[in-house]
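In the working numbering, the protein residues as written are 155 to 483. A short write-up of the structure that comes next.
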């Protein structure tokens, strides 16, 4: 089995992969973008992979371009394992046209959920004020809001959204999830459809964006959306930057709707230095790193190896996404 993968990913899992399936032949994509088989360079069209491990080592670097070119040139592709949860980037449509099976990843769910909980709690708790009081040797009792009793709206109930909802429930929050079908879902006390979101916004303390970006969700958070928020509402975006009309959000923040925006993703990344988000007093931003935990890498490697074993035996794959869903998204 000829498997296309990044050099660092091979260094982590190569020996284990060889034990899982006989005839495992790694096709290595180097950091410089060269395709190698047993140390010898290959033309992209000659690699002809049967499968591919599109790990975060590849997804987050320039190696993604030669990697995908090799995938698309082969004509032999049967299975692609992605290290990402989302598949809304156009590149995945190109891949879906060339492979027989595609699997996404749930490895980022726990780190992202903990990022969201930590970020929200840091907003509810007067952490900076406590540190200042300590530095001044000032014995001062400072009150705070609890997560318990808050209402959360989690827009998008995939692996990540459901895990965020479950963590919030663990602290005593009431979670309303949003998905296209209002059927019950783990991590949500109730589920509504996108058509019901506007009516629900006014009672929500925390709104989390965890949905894919497509034509129906682009600039979901716009001036009208923001005008419906409570004055003390917190907006969290760990989905896609394009979910938010950034000009409308900046205007809304100036009017304290929302009271705070916790942003890990932006329409342009890296965020330009001249962006008003950097210095806005109601913004807490991070550099698209909500999943940046060793746990993600460990669980992604485990998922790839599990599916490699399943694929070699002709068994059902974990996290398989219907190709039609990718192509129509």
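From the three backbone atoms N, C-alpha and C, an ideal C-beta is built for every residue, glycine too. Owing to the predicted nature of the structure, the values given are computational and were not obtained by experimental measurement.
Query	Result
Please classify residue 422 as buried or exposed, where buried requires at least 16 other C-beta atoms within 10 Å of its C-beta.	exposed
Return the CA-CA distance between residue 290 and residue 284, expressed in angstroms with no decimal places.	10 Å
What does the alpha-carbon distance come out to for the pair residue 203 and residue 479?	23 Å
Verify whether the separation of the beta carbon atoms of residue 419 and residue 265 is less than 7 Å.	no
Return the bridge partner residues of residue 331 from the DSSP annotation.	308 and 345
Looking only at C-alpha atoms, which of 230, 193 and 316 sits nearest to residue 268?	316
Between the stretch 361-371 and the stretch 234-246, are three or more C-beta pairs nearer than 8 Å?	yes
Touching or not, the stretch 454-465 and the stretch 198-215, by the rule of three or more beta carbon pairs under 8 Å?	yes
So the alpha helix (DSSP H) residue 190 belongs to, where does it begin and stop?	No alpha helix (DSSP H) contains residue 190, which is instead part of the beta strand (DSSP E) from 189-191.
With a threshold of 8 Å, are at least 3 pairs of Cβ atoms found where one atom belongs to the stretch 334-347 and the other to the stretch 302-312?	yes
Pick helix, strand or coil for residue 468, following the three-state DSSP scheme.	coil
Reducing DSSP to helix, strand and coil, say where residue 291 ends up.	coil
If you drop the 5 nearest sequence neighbours on each side, which residues of the same chain put their C-beta closer than 7 Å to that of residue 163?	207, 209 and 211
According to the neighbour-count rule (16 or more other Cβ atoms, all chains shown, within 10 Å of its Cβ), is residue 359 buried or exposed?	buried
With a threshold of 16 other CB atoms inside 10 Å of the CB of residue 443, please say whether the residue is buried or exposed.	exposed
How many angstroms separate the CA atom of residue 288 from the CA atom of residue 296?	12 Å
Please state whether the Cβ-Cβ distance between residue 227 and residue 193 is less than 7 Å.	no
Count Cβ pairs between the stretch 270-286 and the stretch 243-262 that sit closer than 8 Å; are there 3 or more?	no
Across which residues does DSSP place residue 436 in a beta bridge pair?	Answer is none; residue 436 lacks a bridge partner.
Between residue 331 and residue 186, what straight-line distance do the alpha-carbon atoms span, to the nearest angstrom?	43 Å
What does DSSP give as the partner residue(s) for residue 155 in the beta ladder?	Partner(s): none; residue 155 has no beta bridge.
Suppose the cutoff is 7 Å on Cβ atoms and the five residues either side in sequence are ignored; what does the same chain contact list for residue 275 look like?	301
For residue 231, which of 213, 250, 263 and 215 has the nearest alpha-carbon?	250
Name the two residues that bound the continuous beta strand (DSSP E) containing residue 340.	Counting along the chain, residue 340 falls outside any beta strand (DSSP E), and DSSP gives it neither H nor E.
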